[in-house]
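Numbers 5 to 414, taken from this note's numbering, label the letters of the sequence shown in order.
Where is the CB? At the ideal position from N, CA and C, for every residue including glycine.
On a predicted model such as this, the values are computed, not experimentally measured, just so you know.
These notes are about the structure you will find just below.
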Amino acid sequence: MKIGRPIVIAGAGECGMSVAVELVRGGYAGPIHLVGEKTGQPYERPPLSKAHLEPGGEPAPVPIDGHGQLQTSRVIRYSGLKAAAIDRDRAELILSNGLRLAYSRLVLATGASPRRLPMAEGLAGVHYLRSLADAAALLAALARGGEIAVIGAGFIGLEVAAAARAHGCTVTVIEARDRILARGADPDISGAVASLHRAKGVTLLVSTVLTALRNDGAQVVLTLSDGREMRADAVIVGIGAVPNTAPTAAGGLAIDNGIAVDEELSTSDPQILAAGDCCSFPLAVYGNRRVRLESWRNARDQAAQAAAILTGASPAPSPVPWFWSDQYDHGLQVAGLVDEGKTHVCRELSEGAFINFHLSAEGVLVAACGFGPGQSVGRDIRLAEMPIARRATPSPDALASAGVKLKSML
Ligand SMILES: Cc1cc2nc3c(=O)[nH]c(=O)nc-3n(C[C@H](O)[C@H](O)[C@H](O)COP(=O)(O)OP(=O)(O)OC[C@H]3O[C@@H](n4cnc5c(N)ncnc54)[C@H](O)[C@@H]3O)c2cc1C
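Below is the structure:
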């Protein structure tokens, strides 16, 4: 570590901002340089597919917590500038205007970008959703009503579908896999979410691939793998995200589904850390399986971990992944990775809410996935995190019984 040089953070989103906030909160006394390609105050992304799309206006952006704490002369913001390359020999980050920022340690927190659909490039009426500007354009399209096609039945696509129904749009979701939410949820939860969308009037086309797309001047025309054509006034593409690794290219850092880091967030260059959506890391709770998470809490947790590492404090152990999604008046939450499980047991809660607890072949609780009205599953999912983290082997009967407290399983 080159003493006297600043800590430089590339990416001023959820994770990068939080690294700076945690450093300041933790009493780090050195200079911090925070580089963000966007101008304006960084904002939370989860509301972009929820509150921001509701009928009745555009809510104000929700600033990322702790912004006020960065109003100190020790934090220098470089806004509207990209981290373009890394000169590792000189330990300098090169910005898009040619400016070179010398660093003691560099943190890459450049997030991810929506996966693009090549056939949709340049086509009017096609939307992606990552930024406030994207949400504003999408809200305007939804407010016009008409036919909406959603490509991809992941969390963002389904949240947009729910918002589009609230605007009274006719909504069709097109999904290549044989069920919705195939990546993050188990089949029972997928089924329950699908039933809710169908009950709300959404047409879900699974095992259906979009094969062609054109704009006939009035509408977007979609050709599907079964040969049928459909028309839409707006198309929303939600087919996943790709990690933003561009600044590392010239730096030659190891890439493996994102910037590859070890359990201490160190890239293949120990002077450089990476955190948040842009990195893949070994997840201790699953025997160091390498994962890349696109989740709000992971961005926050890794920011806190990075700040602790940078200041020599002892970082908290890598926690259990956690994700939530809100659709209509229902909430879905997942703790852990569902695909680690071999079997599951179901705990039924009130009002149709339920949680599936996933167990490994050895009976270890590896994940909990719940869905229900409002916040009905939140408490139990939160309580399940601890036994998952401790690789507990609770009895399946106890897990299935709503009368048995999860706390008692530790
Ligand atoms: C619409 C939407 C809804 C979501 N809903 C949920 C949800 O319900 N639950 C949940 O858990 N998660 C949700 N997420 C995911 C969550 O918001 C992300 O996981 C989180 O924002 C990741 O933080 P990050 O800092 O890694 O990336 P980001 O917040 O994307 O920040 C990265 C920043 O780096 C900037 N950047 C990129 N490249 C460069 C460069 N070369 N130089 C400088 N700056 C650069 C980007 O412009 C961006 O500002 C949602 C995401 C979206 C888009």
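For a cut-off of 8 Å, the C-beta gap from L97 to L85 is around 10 Å, too long to register as a contact.
With 16 or more other Cβ atoms from the protein chains shown falling within 10 Å of its own Cβ, N302 counts as buried.
For H171, the secondary structure class from DSSP, reduced to helix, strand or coil, is coil. Under the 10 Å beta carbon count, N101 is surrounded by fewer than 16 other beta carbons and is classified as exposed. By the 16-neighbour rule on beta-carbons within 10 angstroms, L110 is buried. The Cβ atoms of G150 and D220 do not sit closer than 8 Å to each other. Across the set H362, R202 and G382, the C-alpha of H362 shows the shortest separation from the C-alpha of P398. DSSP, reduced to helix, strand and coil, places D230 outside both helices and strands of the structure shown, so it counts as coil. The Cβ neighbour count for N292, taken over all protein chains shown within 10 Å, is under 16; the residue is labelled exposed. Inter-residue distance for D192 and Q73 is about 44 Å (C-alpha atoms, whole angstroms). Between the stretch 362-379 and the stretch 315-335, the count of Cβ pairs shorter than 8 Å is three or higher; the stretches touch.
Within 7 Å of the C-beta of K204 there is not a single heavy atom belonging to ligand 1.
In the three-state reduction of the DSSP assignment, N302 falls in the helix class, which pools H, G and I. Within 7 Å of the C-beta of P63 there is not a single heavy atom belonging to ligand 1. In the structure shown, Y290 adopts helical secondary structure according to DSSP, grouped into three states.
With three or more CB-CB distances shorter than 8 Å, the stretch 40-49 counts as touching the stretch 77-91.
For G382, the enclosing alpha helix (DSSP H) stretches over residues G382 to A393. Residue environment analysis places T176 among the buried positions, since at least 16 neighbouring C-beta atoms fall within 10 angstroms of its C-beta. Per DSSP, H201 is one residue of the alpha helix (DSSP H) stretching across P191 to A203.
Counting along the chain, D330 sits inside the beta strand (DSSP E) bounded by residues W326 to Q331. The continuous beta strand (DSSP E) containing G335 extends over residues H334 to G340. By the C-beta density criterion, C283 is buried, having at least 16 other C-beta atoms within 10 angstroms. Here G242 has G156, G158, I160 and G161 as same chain residues with Cβ atoms under 6 Å from its own Cβ, once five neighbours each way along the sequence are excluded. Proximity of the beta carbon of F285 to ligand 1 is not indicated: no heavy atom of the ligand is located closer than 7 Å. DSSP places V25 in the uninterrupted alpha helix (DSSP H) bounded by E18 to R29. Counted as a single uninterrupted DSSP element, the beta strand (DSSP E) harbouring D91 occupies residues A87 to D91. Contact between the stretch 129-144 and the stretch 308-320 is absent, with fewer than three C-beta pairs closer than 8 Å.
Contact annotation: the stretch 113-121 touches the stretch 270-289, with at least three C-beta pairs closer than 8 Å. Around the beta carbon of P59, a 10 Å sphere encloses fewer than 16 other beta carbons of the protein chains shown; the residue is thus reported as exposed. Under DSSP, the beta-bridge partners assigned to A245 are P118. Listed in chain order, the non-local C-beta contacts of S229 below 7 Å within the same chain comprise T212, V213 and T215, local neighbours out to five positions each way being set aside. Nearest to S380 by C-alpha distance, out of E352, P400, A365 and A393, is E352. If you draw a straight line from the Cα of D91 to the Cα of R9, it comes to about 15 Å. Non-local C-beta neighbours of A168 in its own chain, meaning closer than 6 Å and more than five positions away in sequence, comprise L146, I152 and V175, ordered along the chain. For the set R235, E233, G262 and V239, the Cα lying nearest the Cα of V246 is the one of G262.
Looking at the DSSP output, G40 shares a beta bridge with S83.
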